[in-house]
Amino acid sequence: MAEVDTTSEPTVGFSSTYLVGVVTCAVLFVSLILSKFFFSKPKLHLPPMPKGIPLFGTMFKTRGPKTHNILIEIAKEFGPLYALKTGLKYFIVVTSPEVTFEALSKNAQVFSSRPKLLSRLNFTGWRSVNSALYGDYWRGIRKNLVTQVTSSSKVAAFAPFREEELATLMERIDREAKKNDNVITVLPHCRFTVFSILLHVCFSKRFNAEEIEELDGILKRLLIILAPQVIDFIPFFQWFSKKHRDECQTLLGRMRKMFTPLIDEHRVMRDKNTPALDYVDSLIVLQKEMFLQETDILGLIGEVLTGGTDTTANLLEWTMANLVKHPEIQQRLYNEIQDVTGGSIVQEAQLEKMKYLHAVIKEGLRKHPPLPFGITHGVTQQTKLRGYDIPEDAMVLFHIQAMQNDPTIWKDPDVFNPERFLNNDPNYDMTGSHGPKSYEFIPFGAGRRICPGMNLGLTHAHLILARLIQRYEFSKVNPNEEIDFDDALRFAVVMVTPLKARVKLRSS
Ligand code: HEM
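If you want the numbering used here, it's the 1-based position in the sequence shown plus 5.
Quick look at the structure:
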């Protein structure tokens with residue numbers, strides 16, 4: 006029998022390493038089991054959830070330009086409150102007015118925050134109104150936005166800006182129509198006008214067309230890159246997010262180049278004894294009290310320009326598409342405008358009397374809410390909703406479009422029918438302040454984070470639509486062609502095929 010050489014180093018070495026390895030594994034295994042039993046958090050009772058793939062969950066299935074529609078399809082199988090595992094995070098999706106009311110009204114203290122998106126740290130952080138976590142900082146900057154920009158008295162005070170920009174709008178449309186056989190593309194005109202008005206509101210200054218193009222390019226790109234990124238779901242990927250960080254910083258640099266000289270000018274010119282005249286003035290006043298950094302001010306201006314432009318401009322495009330499709334609705338709207346104005350140019354004070362105009366815009370907002378699931382909410386602590394656990398770092402989506410197009414709530418939801426809003430039902434005043442039924446129609450969101458720009462956005466939409474319909478008759482470019490109502494999510498929901506329309510100057 007061969008003798009075993011117990012002195013041979015390699016064998017001894019191998020054995021002891023092996024032993025140490027086995028013991029370590031065993032210790033780790035036992036601690037894992039023990040920690041599972043004794044120290045792990047209790048298992049969460051999450052809302053029902055579709056299956057996904059390891060690590061990524063349902064991320065690939067639900068991201069992209071059709072997210073809003075996919076989420077409605079999932080609700081058909083999983084119900085009005087379900088969860089989606091996306092990377093390491095959970096999305097909670099709510100598609101019913103009652104559950105939304107329970108969260109945003111009855112449990113507002115908990116559901117009124119925002120998720121801590123890591124990708125935002127690559128830009129200005131959680132320092133704008135829409136991204137700020139629930140608390141005193143958010144309260145302070147939101148109050149300033151409302152009192153200085155979007156309150157009724159401020160909106161009224163900005164009327165001269167709107168007049169100037171509307172005159173330009175008509176000139177631009179006339180020019181394009183003349184050049185293009187009376188055919189215009191609707192969205193760019195709406196975007197240009199709303200954007201110019203908002204720039205005026207921020208800076209009390211008119212920008213030239215070149216500056217507007219440059220800024221518009223920056224802000225359009227911002228909307229894309231400020232949407233949640235992979236690092237928001239799998240934080241480990243932040244080590245590989247250099248490209249995103251670099252692009253955010255480049256865009257911030259371009260904003261700085263355009264805005265900082267104007268902000269500095271405001272600082273020099275501002276008479277400290279007079280109230281703030283525009284948004285920039287108000288932010289300068291607020292700077293000390295709220296410890297605003299230079300980047301915070303850039304971010305706050307940027308959010309008014311982006312948040313206020315694409316929402317309103319896309320709403321106008323979708324509404325116009327429906328008016329082109331339904332000439333009888335367009336004619337009824339025109340008749341109302343002429344009845345109220347007696348044929349002279351629409352004045353802002355007359356808009357309130359135009360009940361059909363309000364119904365048309367409401368129907369546009371119902372059928373095509375610009376932000377189909379609002380802005381993602383966060384919770385301030387782990388909580389319960391309808392008996393299910395909502396984890397502390399969950400992202401909560403209240404699916405406005407699902408509620409506003411639910412066939413169990415709305416008769417013929419696919420039909421564009423402004424009549425449904427003519428009875429002045431207070432439940433449909435878009436404030437969500439009349440109990441669960443009023444949550445059936447919340448295009449501006451509801452609760453404490455409801456859109457602070459509602460007043461301003463509606464004023465723009467009503468005025469621009471009334472002026473356009475009073476001056477032009479809009480019709481299909483080719484009478485035999487159907488309008489393509491296909492949609493895609495690009496911050497706001499846009500028409501995949503931008504609306505082109507034939508315009509004819511009305512005779513009186
Ligand atoms: C038709 C036009 C508009 C629509 C449909 C719209 C819609 C919305 C929606 C759905 C939300 C999310 C509410 C939530 O989180 O629950 C929101 C938030 C917000 N909107 Fe608007 N919006 C419009 C115009 C404007 C305008 C003109 C401004 C700028 C003055 C603006 C600024 C904001 C801001 C700052 C927030 C974040 C509020 C917060 O987090 O406290 N929006 N908007």
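Just so you know, even glycine gets a beta-carbon here, dropped at the ideal spot from N, CA and C.
Here's the rule I'm using: 16 or more other beta-carbon atoms within 10 Å means buried, otherwise exposed. How should residue i be labelled?
| i | result |
| --- | --- |
| residue 502 | exposed |
| residue 260 | buried |
| residue 494 | buried |
| residue 487 | exposed |
| residue 90 | buried |
| residue 340 | exposed |
| residue 237 | buried |
| residue 136 | buried |
| residue 229 | exposed |
| residue 99 | buried |
| residue 82 | exposed |
| residue 244 | exposed |
| residue 386 | exposed |
| residue 286 | buried |
Let me know the secondary structure DSSP gives residue i once reduced to three states.
| i | result |
| --- | --- |
| residue 492 | strand |
| residue 479 | strand |
| residue 504 | coil |
| residue 433 | helix |
| residue 19 | For residue 19, the pLDDT reaches just 34, beneath the cut-off of 50, and the residue's location in the model is therefore unreliable, although a value from the coordinates is still provided. Residue 19: helix per DSSP, three-state reduction. |
| residue 274 | helix |
| residue 382 | strand |
| residue 279 | coil |
| residue 402 | strand |
| residue 156 | coil |
| residue 499 | strand |
| residue 227 | helix |
| residue 509 | strand |
| residue 118 | strand |
| residue 43 | Its pLDDT being 49, under 50, residue 43 is placed unreliably by the model, and the measurement read from it follows with that caveat. Residue state, collapsed to three classes: helix. |
| residue 260 | helix |
What first and last residue would you give for the beta strand (DSSP E) that runs through residue i?
| i | result |
| --- | --- |
| residue 60 | No beta strand (DSSP E) holds residue 60; DSSP gives it neither H nor E. |
| residue 442 | It is not in any beta strand (DSSP E) - residue 442 carries neither H nor E in the DSSP assignment. |
| residue 393 | 393-395 |
| residue 189 | 188-190 |
| residue 97 | 94-99 |
| residue 388 | 388-390 |
Can you tell me the Cβ-Cβ gap for residue i and residue j, rounded? I've got them flagged as a contact below 8 angstroms.
| i | j | result |
| --- | --- | --- |
| residue 457 | residue 134 | 7 angstroms |
| residue 396 | residue 123 | With 8 angstroms as the limit, residue 396 and residue 123 do not qualify as a contact, their Cβ atoms being about 17 angstroms apart. |
| residue 381 | residue 120 | 6 angstroms |
| residue 289 | residue 207 | The pair is not a contact, with the Cβ atoms about 12 angstroms apart (cut-off 8 angstroms). |
| residue 514 | residue 324 | Outside the shown range of the chain (6 to 513) lies residue 514, about which nothing can therefore be said. |
| residue 477 | residue 52 | Actually they are not in contact, since the Cβ atoms of residue 477 and residue 52 sit about 49 angstroms apart, beyond 8 angstroms. |
| residue 475 | residue 302 | Not confirmed; about 39 angstroms, so no contact. |
| residue 444 | residue 105 | 5 angstroms |
Starting from residue i and walking both ways along the alpha helix (DSSP H), at which residues does that stretch end?
| i | result |
| --- | --- |
| residue 89 | First-last for residue 89: 86-91, but that is the beta strand (DSSP E), not the alpha helix (DSSP H). |
| residue 365 | 360-372 |
| residue 317 | 299-330 |
| residue 78 | 72-83 |
| residue 415 | No alpha helix (DSSP H) holds residue 415; DSSP gives it neither H nor E. |
| residue 284 | 284-291 |
| residue 173 | 164-184 |
Using a Cβ distance threshold of 8 angstroms, determine whether the region 400-415 contacts the region 348-360, with at least three qualifying pairs required. Touching, no, given that fewer than three Cβ pairs across the two stretches are closer than 8 angstroms.
Just checking, does the region 112-121 make contact with the region 251-266 on the three C-beta pairs under 8 angstroms criterion? These segments do not touch.
Please confirm if the region 420-440 is in contact with the region 288-296, defined as three or more CB-CB distances below 8 angstroms between the two stretches. Touching, no.
Does the pairing of the region 173-190 with the region 307-314 give three or more beta-carbon distances under 8 angstroms? Result no; under three Cβ-Cβ pairs closer than 8 angstroms.
Check whether the region 455-473 and the region 158-168 are in contact - that is, three or more C-beta pairs closer than 8 angstroms. The region 455-473 vs the region 158-168: in contact.
Pairs of beta-carbons, one from the region 442-452 and one from the region 369-387, closer than 8 angstroms: are there three or more? Yes, the region 442-452 is in contact with the region 369-387.
Check whether the region 414-421 touches the region 320-339, counting contact only when three or more Cβ pairs, one atom from each stretch, lie closer than 8 angstroms. The region 414-421 is in contact with the region 320-339.
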